[in-house]
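Take a look at the structure below.
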Amino acid sequence: MLLIECPWCGERAETEFSYGGEAGIARPADPDALTDAEWADYLFNRSNPRGAHRELWNHAQGCRRWFGVERDTVTYRISGSYRLSGGAHGGGD
Amino acid sequence: MKKYSAFSLVRHALSHNRKWREAWRSPDPKREYDVIIVGGGGHGLATAYYLAKEHGIRNVAVLEKGWIGGGNTGRNTTIVRSNYLWTEASLLYEHSMKLWEGLSQDLNYNVMFSQRGVYNLGHTLQDMRDIERRVNANRLNGIDAEVVNAEQIGKAIPFINTSPDARYPILGASLQRRAGVARHDAVAWGFARAADALGVDIIEQCEVTGIVRDNGRVSGVETTRGTLRAPKVGVVVAGNASVLATMAGLRLPVESHPLQAFVSEPLKPVLDTVVMSNAVHGYISQSDKGELVIGAGIDAYNGYGQRGSFHTTEHTMQAIIELFPVFSRVRMLRQWGGIVDVCPDACPIISKTPVGGLYFHCGWGTGGFKATPGSGWVFAHTIAQDRPHELNAPFDLERFTTGALIDEHGAAAVAH
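If you read the sequences in order, they're chains A and B. If you count the first sequence from 1, position 78 lands on 75 in our numbering, and the numbers rise without skipping. Each number in our numbering corresponds to the 1-based position in the second sequence with 1 added.
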């Protein structure tokens, strides 16, 4: 089980959190201007790296806030958590 | 290839079993092949076998970074069924089921395919409505399926808890009698041996590190054993699909997750069928060695580490004990986490790619084993003809652009 640090509540067990997938995927400002392939890329394609991964977690059974985590997908080691600015996919501050 | 038979058993017994030949060769890689298959799991080996058998393409290499049978093929819960909801999926899995039914004879290798039936339990009225809908859909597609009630389940499966007082009472189930289990290692070994006999080179301990391209076409692969050239490359690497896609400059709609499975200490025969439950989320059968073989859902996070979180283990056991309280004191012998590549619609990708001559076969998620022969069969067709067979045309990568997804999440009887 992962020990995840919520930027507001501190370190808690993984069972308190729910996973939100890859971070940093901004919703296109004007979806109508995109081709089907560009829209599909936003909607479905993921980088799914083997190694460092920036991802979203929600402290579902705590403060209920979204935040970002950088975690290695092979060792599962978490190198840090960060608060989000500019929405859930807005990157770190 | 020396044919295996009762006679060969006797003959080798007389020579004290000292003269058995290796099941497949261990050749050094040639510099050039007609087709290279990346990934020596069941699906990759089946692809190579059907390329040689159905399409006469025998100058084929299967590259495996570990050893044959060492990946997900040898580490799954071995359930084989074809009772999917949507026509596209059910036809693909049913094609596979028909191949399973003759596979041991075809490969001259006992894959221990046992059609002991699969029950998919329903615990709520909505579960039962979905089950009736799926059973009707299956029968319209020519797939055997029936609805059974709790009383019939209680009679057929000793020790299952059909009490109406259970936390999640069992109301009924769908039953596919032709479904069952197979011996997973034997499937890998059988396909490897049969493909080898047709001239396919199976190269173990050979990791692909790059995909070589010229003018938008694939021309070979870089490996830890040198650069190998081929005009066609099929990638069948399950959890590592995105890693290989990145080598070719592609992005895929898959995410890799650990999927845990468990094997208990061996018991006397206690469960002669397969029981799956979507609602409490677990599935269980008993192997011929007597071990209970148990699985459940994936860990939520992306992961390539071949293990999972303890709370997922705990959830799996809770589900099994809910269904079979009698198993509460059974001890687990082994646990492992395989890496599965999950698609947004819980259906596979068996497809050409924007790179000419490069084909991808991935996204099977948690349920690829059952499709091993059929998926190899259609992928071999796709590679040989450079166009999909009608069975796998709906599973093209393009469906994520057109929006024609095949939504088997939840509809597929269980647990993705």
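The C-beta atom is built at its ideal place from N, Cα and C for all residues, glycine as well. Just so we're clear, the structure is a prediction, and the values are computed from it rather than from any experiment.
Helix, strand or coil at residue i according to DSSP, with G and I counted as helix
i	result
P374 of chain B	helix
T247 of chain B	helix
D397 of chain B	coil
G43 of chain B	helix
Y302 of chain B	coil
K353 of chain B	strand
G67 of chain B	coil
S97 of chain B	helix
D90 of chain A	Low confidence applies here, because D90 of chain A scores a pLDDT of 44, under 50, leaving its location unreliable; read the following figure in that light. Correct three-state label for D90 of chain A: coil.
P259 of chain B	strand
S91 of chain B	helix
P265 of chain B	One detail in the question is off: residue 265 of chain B reads as Ser in this sequence, not Pro. Of the three classes helix, strand and coil, the one that applies to S265 of chain B here is strand, per DSSP.
D387 of chain B	coil
T12 of chain A	helix
K233 of chain B	strand
R335 of chain B	strand
S83 of chain B	coil
Y110 of chain B	coil
R12 of chain B	helix
V182 of chain B	strand
V415 of chain B	Residue placement at V415 of chain B cannot be trusted, given a pLDDT of 48 that sits under 50; the coordinates are not used to answer.
S44 of chain A	coil
A297 of chain B	strand
V71 of chain A	coil
Y93 of chain A	Here chain A covers residues -2 to 90 and nothing more, so residue 93 of chain A does not appear.
I37 of chain B	strand
Cβ-based neighbour list, residue i, same chain, cut-off 6 Å, excluding 5 preceding and 5 following
i	result
D202 of chain B	P28, A62
For residue i, the residue or residues it bridges with in DSSP
i	result
N121 of chain B	B:S175, B:M277
V149 of chain B	B:A174
E94 of chain A	What is shown of chain A runs -2 to 90, which leaves residue 94 of chain A out entirely.
D202 of chain B	B:A62
I161 of chain B	Per DSSP, none; premise fails for I161 of chain B.
C363 of chain B	B:I350
Y50 of chain B	Answer is none; Y50 of chain B lacks a bridge partner.
G283 of chain B	B:S278
I132 of chain B	According to DSSP, which records beta bridges pairwise, I132 of chain B is partnered with nothing at all.
D215 of chain B	B:R218
G72 of chain B	Beta-bridge pairing links G72 of chain B to no other residue.
E223 of chain B	B:G211, B:T228
D342 of chain B	B:S257
Residue closest to residue i, alpha-carbon to alpha-carbon, out of the options
i	options	result
Q116 of chain B	B:D273, B:F361, B:L406	B:D273
R68 of chain A	A:G18, A:P28, A:G7, A:W5	A:G18
L100 of chain B	B:W378, B:W68, B:N77, B:V234	B:W378
M277 of chain B	B:F328, B:G368, B:V119	B:V119
N303 of chain B	B:Y5, B:T314, B:P259	B:P259
T12 of chain A	A:A20, A:G21, A:C6, A:L0	A:L0
P374 of chain B	B:L92, B:W87, B:M98	B:M98
V222 of chain B	B:A7, B:K20, B:A49, B:E65	B:E65
K31 of chain B	B:L293, B:G227, B:P267, B:L15	B:G227
D35 of chain B	B:L52, B:G41, B:L251	B:L52
M318 of chain B	B:Q307, B:G298, B:Y305, B:G306	B:G298
A47 of chain B	B:R308, B:T402, B:A405, B:H382	B:H382
E152 of chain B	B:A146, B:N139, B:N162	B:N162
F401 of chain B	B:A24, B:F114, B:P349, B:A372	B:P349
I22 of chain A	A:Y39, A:F14, A:L31, A:A30	A:Y39
Q106 of chain B	B:R140, B:K156, B:Y5	B:Y5
I154 of chain B	B:N142, B:P170, B:R140	B:P170
Q261 of chain B	B:N77, B:W21, B:G43	B:N77
V209 of chain B	B:G41, B:N18, B:S376, B:L176	B:G41
G143 of chain B	B:W190, B:D408, B:W87	B:W87
R332 of chain B	B:G357, B:I295, B:E89, B:A347	B:I295
A183 of chain B	B:G309, B:G43, B:P232	B:G43
Same chain, Cβ closer than 7 Å to residue i, five either side skipped, listed in chain order
i	result
G123 of chain B	M129, I132, L172, G173, A174
V415 of chain B	Note on V415 of chain B: pLDDT 48, under 50, position unreliable in the model; no value is reported.
I322 of chain B	F328, S329
Same chain, Cβ closer than 8 Å to residue i, neighbours up to 5 away in sequence not counted
i	result
P25 of chain A	L31, E35, W36, Y39
G291 of chain B	P267, L268, K269, P270
S286 of chain B	T78, T79, I80, R117, V182, L272, T274, V275, V276, L293, V294
- Got a sec: which bits of the region 49 to 71 of chain A sit with their beta carbon under 8 Å from any beta carbon on chain B, in order along the chain? Under the 8 Å Cβ criterion, the region 49 to 71 of chain A contributes H50, E52, R68, T70, V71.
- Task: Taking a Cβ distance cut-off of 7 Å, strictly less, list which residues of the region 297 to 331 of chain B are near chain A, in chain order.
- Result: In summary, the residues of the region 297 to 331 of chain B whose CB is separated from some CB of chain A by less than 7 Å are A301, Y302, N303, G304, Y305, G306, S310, F311, H312, in the order they occur in the chain.
- In the region 243 to 270 of chain B, which residues sit with their C-beta less than 7 Å from some C-beta in chain A, listed in chain order? With the criterion set as a beta carbon lying under 7 Å from some beta carbon of chain A, the members of the region 243 to 270 of chain B are S243, V244, R252, L253, P254, V255, E256, S257, in sequence order.
- Report the residues of the region 151 to 177 of chain B with a CB closer than 7 Å to any CB of chain A, ordered along the chain. Per Cβ criterion, the list is empty.
- Task: Could you run through the region 35 to 49 of chain A and flag, in chain order, every residue whose CB is less than 9 Å away from some CB of chain B?
- Result: For the region 35 to 49 of chain A, the beta-carbon criterion of a distance under 9 Å to any beta-carbon of chain B is satisfied by W36, A37, D38, L40, F41, N42, R43, S44, N45, P46, R47, G48.
- Message: Which residues of the region 200 to 217 of chain B have a Cβ closer than 9 Å to any Cβ of chain A? Give them in chain order.
- Response: Residues of the region 200 to 217 of chain B with a Cβ closer than 9 Å to any Cβ of chain A: none.
- Task: Determine which residues of the region 338 to 363 of chain B have a Cβ less than 7 Å from any Cβ of chain A, and write them out in chain order.
- Result: Hits within the stretch, in order: P345.
- Taking Cβ-Cβ distances below 9 Å as the criterion, which residues of the region 49 to 82 of chain B are in contact with chain A? So nothing in the stretch comes that close.
- Scan the region 15 to 27 of chain A for residues whose Cβ lies nearer than 8 Å to a Cβ of chain B and list them as they occur along the chain. Closer than 8 Å at the C-beta level to chain B, one finds these residues of the region 15 to 27 of chain A: S15, Y16, G18, E19.
- Query: Using a beta-carbon distance cut-off of less than 7 Å, what residues from the region 374 to 388 of chain B approach chain A?
  - Reply: Listed by position along the chain: nothing, the set is empty.
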